[in-house]
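Take a look at the structure set out below.
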Amino acid sequence: MKKTSPVSRSGRFASGPATAVAQFTESISFDRRLWRHDIAGSMAHATMLRKIGCLTQRELRAIIQGLDAIAKEIQQGKFRWQAELEDVHMNIEAALTSRVPAGAKLHTGRSRNDQVALDMRLWLREQIVGLQKEIRLLQRALVEFGERERAVVIPGYTHLQRAQPVYLAHHLLAYVEMLARDSQRLQECFARVNVCPLGSGALAGSTLPLDRELVADLLGFVDARGRPQVTQNSMDAVSDRDFAVEFCSSAALLAVHLSRLAEDLILWSSSEFNFIRIADAYTTGSSLMPQKKNPDVAELMRGKSGRVIGNLVALLTLLKGLPMTYNRDLQEDKERLFDTVDTVRATVRLCAAMLQNTMANRDACRAAASDSALLATDLADYLVQKGLPFRQAHHAVGALVALAERLGKPLNRLTLPELRSVEKKFGADASKVFDLKAALARRQLTGAPGTKEVRKQLDRWKKLTR
Ligand code: ARG
Numbered sequence: 075m076k077k078t079s080p081v082s083r084s085g086r087f088a089s090g091p092a093t094a095v096a097q098f099t100e101s102i103s104f105d106r107r108l109w110r111h112d113i114a115g116s117m118a119h120a121t122m123l124r125k126i127g128c129l130t131q132r133e134l135r136a137i138i139q140g141l142d143a144i145a146k147e148i149q150q151g152k153f154r155w156q157a158e159l160e161d162v163h164m165n166i167e168a169a170l171t172s173r174v175p176a177g178a179k180l181h182t183g184r185s186r187n188d189q190v191a192l193d194m195r196l197w198l199r200e201q202i203v204g205l206q207k208e209i210r211l212l213q214r215a216l217v218e219f220g221e222r223e224r225a226v227v228i229p230g231y232t233h234l235q236r237a238q239p240v241y242l243a244h245h246l247l248a249y250v251e252m253l254a255r256d257s258q259r260l261q262e263c264f265a266r267v268n269v270c271p272l273g274s275g276a277l278a279g280s281t282l283p284l285d286r287e288l289v290a291d292l293l294g295f296v297d298a299r300g301r302p303q304v305t306q307n308s309m310d311a312v313s314d315r316d317f318a319v320e321f322c323s324s325a326a327l328l329a330v331h332l333s334r335l336a337e338d339l340i341l342w343s344s345s346e347f348n349f350i351r352i353a354d355a356y357t358t359g360s361s362l363m364p365q366k367k368n369p370d371v372a373e374l375m376r377g378k379s380g381r382v383i384g385n386l387v388a389l390l391t392l393l394k395g396l397p398m399t400y401n402r403d404l405q406e407d408k409e410r411l412f413d414t415v416d417t418v419r420a421t422v423r424l425c426a427a428m429l430q431n432t433m434a435n436r437d438a439c440r441a442a443a444s445d446s447a448l449l450a451t452d453l454a455d456y457l458v459q460k461g462l463p464f465r466q467a468h469h470a471v472g473a474l475v476a477l478a479e480r481l482g483k484p485l486n487r488l489t490l491p492e493l494r495s496v497e498k499k500f501g502a503d504a505s506k507v508f509d510l511k512a513a514l515a516r517r518q519l520t521g522a523p524g525t526k527e528v529r530k531q532l533d534r535w536k537k538l539t540r
């Protein structure tokens, strides 16, 4: 039989778990990345135990020093992780106890159930802050791309059919807005992650007079006014992972936004659109076709949304049938959460870097945007200005589009008599409608792709993403 764990199996068990069981149940292979947070949590807990008289000052000092030494060893890669000690919590506690006798008092009033909930909240808090910073950098990259190519106009699409002209910057700023809401959602999620579960014990708190607020305060679980935030129900605190679900849900939506952006970039970099050129460093070749330059980074941005969505579904499924309170199933939360964080953070970073190395093919954009059919709606608006009801104007212009098609020429080449053959309200000024520059200047509503408005939005976002 294998060596038994000195921490959890002492007393009750005659032997350690079978090797296959140990392998099946271990989490050290993936939860060791929580070590920093586990140690921070233990230090705060020990400090509190000292304050309520469960540790002497000397014992506290020994524990803190012991934990510091362990942290240093882990940092330097010298710490010996032991799979038979199951997880990060027991590895660190066992190492401490083998060096410092007072280590045996560290777990006073604590369970791995509130400990693991604490570690995950501490870890996720940090990751949310890091992700938000990266989102801001991506927003800046989008704004800078729009700024570099501020004069570039492209067709805007619905149903992937050419619709109306827009500035490339306007299109890019649409994603800046989506990302702003993603970041807001993460901020709201942060507030619910930022609540301290320690003191909930295994499920029913403790008979010892723990000072939960002190621990919360030491670990920065405080609201905007500095008041400590602690969970209000011990059973809830050890058994729910809604904070992780909430994060994964916001992350899934972020991944979907990134996936849509990726799809636009992929389309635009195709020969069919040819609106942009992605720098060689962010594309790959084909092992067979020498001419190929593939947008693999963008494709993986799109593809990786699948696993992020999958992780969310896995977490929800994991939770849905669990009886109260802690069940070992919950150990399966970590890889899904870790993978989500790693995937979205890398995707956001790579996307920003790729955009910094992407430029517009101005000539191709100009050619596409000069399709006069894009201004058919403007022509209808012209008739509205002349007093025609919009439905009639829409009908008349539709007829003109058909006429132009029949005559084999673009809409803006119809002569005044041809225009007037369909609708008498057309005057000599009708041809001015097709001046693209003037058409963009006309779009003055808030949120519209007009020249002034896009300028204003670019300036606003430049300030906000500085
Ligand atoms: N490794 C466990 C997890 O990730 C820690 C909590 C274990 N608690 C227990 N009662 N076995 O959930």
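So the sequence shown is numbered by our numbering: it starts at 75 and just counts up by one.
Even glycine gets a Cβ: it sits at the ideal position worked out from N, Cα and C.
For clarity, every value in this text was computed on a predicted model and none was experimentally measured.
Inter-residue Cα distance where the pair is residue i and residue j
| i | j | result |
| --- | --- | --- |
| Ser446 | Glu218 | 29 Å |
| Val312 | Gly151 | 31 Å |
| Glu497 | Ala470 | 6 Å |
| Asp416 | Glu262 | 20 Å |
| Arg465 | Ala454 | 9 Å |
| Ala442 | Ser343 | 14 Å |
| Ala225 | Asp533 | 15 Å |
| Val551 | Leu332 | Because the chain here runs from 75 to 540, residue 551 falls outside it and cannot be looked at. |
| Leu293 | Leu108 | 15 Å |
| Pro271 | Phe347 | 53 Å |
| Asp316 | Ala215 | 33 Å |
| Asp285 | Gly85 | 29 Å |
| Phe412 | Thr357 | 27 Å |
| Pro175 | Gln189 | 21 Å |
| Arg186 | Ala276 | 7 Å |
| Val227 | Arg440 | 6 Å |
| Leu389 | Lys408 | 9 Å |
| Asp297 | Ile126 | 24 Å |
| Ser488 | Ala473 | The residue you asked about is not Ser; residue 488 is Leu in the sequence shown. Spanning the two alpha carbons is a distance of roughly 12 Å. |
| Leu288 | Pro239 | 59 Å |
| Asn368 | Gly359 | 6 Å |
| Leu339 | Ala243 | 14 Å |
| Lys76 | Thr305 | With a pLDDT of 39 at Lys76, under the threshold of 50, the predicted position of this residue should be treated as unreliable, though the coordinate-derived value follows. Approximately 38 Å, taken between the alpha carbons. |
| Phe104 | Arg110 | 14 Å |
| Arg436 | Phe349 | 7 Å |
| Leu196 | Asn431 | 35 Å |
| Val269 | Ala426 | 32 Å |
| Lys526 | Ala434 | 21 Å |
| Ser172 | Ile137 | 11 Å |
| Gly279 | Ala290 | 15 Å |
| Arg517 | Met375 | 33 Å |
Opposing strand residues paired with residue i [DSSP bridges]
| i | result |
| --- | --- |
| Thr232 | Gln235 |
| Val296 | Pro302 |
| Ala434 | Ile350 |
Residue i CB to nearest heavy atom of ligand 1 below 7 Å
| i | result |
| --- | --- |
| Asp413 | no |
| Asn368 | no |
| Asp105 | yes |
| Ser280 | no |
| Asp314 | no |
| Glu160 | yes |
| Leu404 | yes |
| Arg186 | yes |
| Val190 | yes |
| Asn111 | According to the sequence shown, residue 111 is His rather than Asn. Incorrect: His111 has no Cβ contact closer than 7 Å to ligand 1. |
| Ser101 | yes |
| Lys408 | yes |
| Tyr400 | yes |
Any C-beta of chain B under 8 Å from that of residue i
| i | result |
| --- | --- |
| Val289 | Among the chains in the structure shown there is no chain B, since it carries only a single protein chain. |
beta-carbon residue i near ligand 2 non-hydrogen atom, thresh 7 Å
| i | result |
| --- | --- |
| His163 | What this structure holds is ligand 1, not ligand 2. |
For a minimum of 3 consecutive residues, which ranges assigned as the beta strand (DSSP E) are wholly contained in the segment 339 to 420? 350 to 352
What are the start and end residues of each continuous beta strand (DSSP E) run of 3 or more residues lying completely inside the segment 121 to 203, in chain order? none
Would you mind listing the beta strand (DSSP E) stretches within the segment 228 to 287 that are 3+ residues and don't spill past its ends, in chain order? 235 to 241
Segments of 4+ residues assigned as alpha helix (DSSP H) that fall wholly inside the segment 472 to 530: 490 to 496, 510 to 515
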